[in-house]
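K.L.:
Starting off with a structure, shown below.
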Amino acid sequence: MQRACLSKHDKLLNAAEFNRVFDKSVRSSDQYFTILASPNDLEHPRLGMAISKRRVKLAVVRNRIKRIIRESFRLSQQNDSADYVVMAGKLGARGTNQQLRESLEKHWGLLKKKCAKS
RNA sequence: GGAGUUGGCCAGGCAAUCGCGCCAGACAGUCUUGGAUUGUCUGGGGAGGAAAGUCCGGGCUCCAUAGGACAGAGUGCCAGGUAACGCCUGGGGGGCGUGAGCCUACGGCUAGUGCCACAGAAAAUAUACCGCCUGCCGAUUCGUCGACAGGUAAGGGUGAAAUGGUGCGGUAAGAGCGCACCGCGUGUCUGGUAACAGGCACGGCAGGGUAAACCCCACUCGGAGCAAGACCAAAUAGGGGAACAUAAUGCGUGGUCCGCGCUGUUCCCGGGUAGGUUGCUUGAGGUAUGCGGCGACGUAUGACCCAGAUGAAUGAUUGCCCCGGCUCUUUUUGAGCUACGACAGAACCCGGCUUAUCGGCCAACUCCCACU
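Residue numbering for the first sequence follows my numbering, starting at 162 and increasing by one per position.
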């Protein structure tokens, strides 16, 4: 069984790692999320989240969105090696749990194909 | 039964599946021992009443500091509680409510300065618009009228506010001019720790409001904050020391050479950024019982350990029940449908305040109606 966000191995930890993804990436976005992806040298994928206070005002809602992202990331079972950064979109705070989950599923699929091409 | 006041409590519940970070233990792997680290399993615990705003007060940490004064900021009836407070408790004054109760920035403008629109004669070193009254002169239709000199502030009018209020006496008309009661001030006595309350005597009245206006008085206050502070410590640049090379080249000191310094290589040292570790959760801790106190609270004893994340754990899905909403049904009953189920997420820790908030429960008390 594959684990979810494995402690620090599966997360982007500092500004340097985030910037690497921002500089060179493939992106996919809709009204709920914008996801950046960039291949890495490791054997497993890594996840970073950038949910700004400006986009999502309430701390409770920010936490809810993060949990859904982690949950979805875990269940999508990606065996490829790439770093992902998820950012909140315009309607990120408004979407229901189900809407957000469906949106993420779609993005994972799209990004896998894009990464494979490049 | 209805309406209301105050205080306290809860913050949907249960089950299944998947999942997260923390702690303890066991086993296994890796590294040189201590130990560190990774994985698996078992067990334990994992958001709030406001975790929020960051408005006060402390603890803790670092920096500064002989002592004092000024400046600045804050507080402002009295007493108590507390580590401390701008908080809390009890009491007093004032205001609101039929009442239970609620509100209260509640020291001083009989120190100084400033401000007070409009209206009004006058808004403060005052003095008088219409009036009222007396004297005298003139006119007269004998009712009064006008001018001048004076006495007044009772009445009118303005205003939020006009040099105490009401009544009686008094007077030419009036006036604390005199008296009674009320208000105010001073003195004194009684009760109270005190704020204050009450009594008695005296004074005829100090002289509008405003101090969240400057200000005066009394009291309090050093600064910065866990991104505090402590430790470990890449890369890059630079500093100090030692050894070697001065073989080759160059520069400075020199007329020239040696030497010395710059320079090259290696090693060591200290400071220190990214990053990491720590601070980091046992504490002015809650809790039960007894005792003291009207109470805030204090105290003794017993058992208890109750989140510690760091690009930031505490979640998701499904089912049932509860609650809410909508529809059907004649109302009740019943049936069906429905959903981010109030406000909202710890970030060093406490004590408060303020703000947000679906709904529900408990206790005490008040008013109204009905019944006995």
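Yeah, the Cβ is synthetic: ideal placement off N, Cα and C, and Gly gets one too.
Going by Cα to Cα distance, which pick from 223, 235 and 209 is closest to residue 215?
P.N.:
The residue labelled residue 215 in the question sits at position 54 within the first sequence. Closest option to residue 215, Cα to Cα, is 223.
K.L.:
Can the beta-carbon of residue 193 be found closer than 8 Å to that of residue 270?
P.N.:
Taking the first residue of the first sequence as position 1, residue 193 is located at position 32. Taking the first residue of the first sequence as position 1, residue 270 is located at position 109. Contact flag unset, no.
K.L.:
Exposed or buried, residue 184, counting other C-beta atoms within 10 Å across all chains shown (16 or more means buried)?
P.N.:
Walking along the first sequence from the start, residue 184 turns up at place 23. Classification of residue 184: exposed, given that the 10 Å Cβ count is below 16.
K.L.:
Can residue 179 and residue 208 be called in contact, C-beta distance under 8 Å?
P.N.:
Against the first sequence, residue 179 aligns to sequence position 18. Against the first sequence, residue 208 aligns to sequence position 47. It is not a contact, given that the beta carbons lie outside the stated cut-off.
K.L.:
Who pairs with residue 275 in a beta bridge, going by DSSP?
P.N.:
Walking along the first sequence from the start, residue 275 turns up at place 114. Note: residue 275 sits in no beta bridge, so no partner.
K.L.:
Are the CB atoms of residue 190 and residue 250 nearer to each other than 8 Å?
P.N.:
Start at 1 with the first residue of the first sequence, and residue 190 comes out as number 29. Start at 1 with the first residue of the first sequence, and residue 250 comes out as number 89. Result yes, Cβ atoms of residue 190 and residue 250 sit closer than 8 Å.
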